[in-house]
Amino acid sequence: MKLKNLAATAISLFGAVIFLDSLRYKFTDHPKTQVIFGALDGWASSLGLPGLFAHTGLFSQYVIGSAELVASILLLVGLLPRLQRLNALGALIAFAVMSGAVSFHLLTPLGIDPNHDGGGLFAAAATLLTGSAILILIRLPDIAGLLGDLSRAFIQAPSDDMAPMGKPARA
6 MKLKNLAATA ISLFGAVIFL DSLRYKFTDH PKTQVIFGAL DGWASSLGLP
56 GLFAHTGLFS QYVIGSAELV ASILLLVGLL PRLQRLNALG ALIAFAVMSG
106 AVSFHLLTPL GIDPNHDGGG LFAAAATLLT GSAILILIRL PDIAGLLGDL
156 SRAFIQAPSD DMAPMGKPAR A
């Protein structure tokens, strides 16, 4: 049990550090970020989706950076025992973002070394993808709890004083 907690803490801290460090590039429109998102936008344009990765696009550096910021906050706050479900939510967001990152590195002209850093950026993304998958497995009970909470919030349980179709029952 303690090994799971240690692994969850280590993965959460690693993920938050990676995400928070990347924000200085994404939110300041750093040239390295321009290269990556420019290459992705060029690729998307060739598929008839111009602007998808541009500054105001659906998957712009600002949108991705915001998702990374939310994930890191949830990963860190979720380390508090009473807020552990938030850690699970952070792991899900991290997995989604890193699935996209790894996929775009592998399946587009971007490649694994767009900034000539020896593939360090890709390695960090792949490591965080793996770590977030492990964290999801560790936090499965919390994810089930989150899903239960969501279903209770949006689906009203039938009560004794309501007949089918929401009509009041006769007395």
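Quick note: the sequence shown uses our numbering, first residue 6, plus one each step. All C-beta atoms, glycine included, are put in the ideal place defined by N, C-alpha and C. Computed from a predicted model, the values in this text were never measured in an experiment.
Query: Sequence-distant residues of the same chain with beta carbon closer than 7 Å to residue 58, five excluded per side; Result: 42, 45, 46, 49, 64, 65
Query: Distance, residue 55 Cα to residue 95 Cα; Result: 30 Å
Query: C-alpha gap between residue 17 and residue 145, whole angstroms; Result: 15 Å
Query: Proximity below 7 Å, CB of residue 24 to CB of residue 77; Result: yes
Query: Touch test, the segment 79-89 against the segment 118-133, Cβ-Cβ under 8 Å, three pairs minimum; Result: no
Query: Residue 107 and residue 130 closer than 7 Å at C-beta; Result: yes
Query: DSSP three-state assignment for residue 127, whether helix, strand or coil; Result: helix
Query: Alpha-carbon to alpha-carbon, residue 99 and residue 68; Result: 14 Å
Query: Sequence-distant residues of the same chain with beta carbon closer than 7 Å to residue 14, five excluded per side; Result: 84
Query: Of the listed residues 93, 136, 105, nearest to residue 149 (C-alpha basis); Result: 93
Query: Residue 7, buried or exposed, once every other Cβ within 10 Å from all chains shown has been counted against 16; Result: exposed
Query: Secondary structure of residue 117, DSSP reduced to three states; Result: coil
Query: C-beta contact flag for residue 62 and residue 28 at 7 Å; Result: no
Query: Under the three-state DSSP convention, the category residue 83 falls into; Result: coil
Query: Beta carbon of residue 147 nearer than 7 Å to that of residue 89; Result: yes
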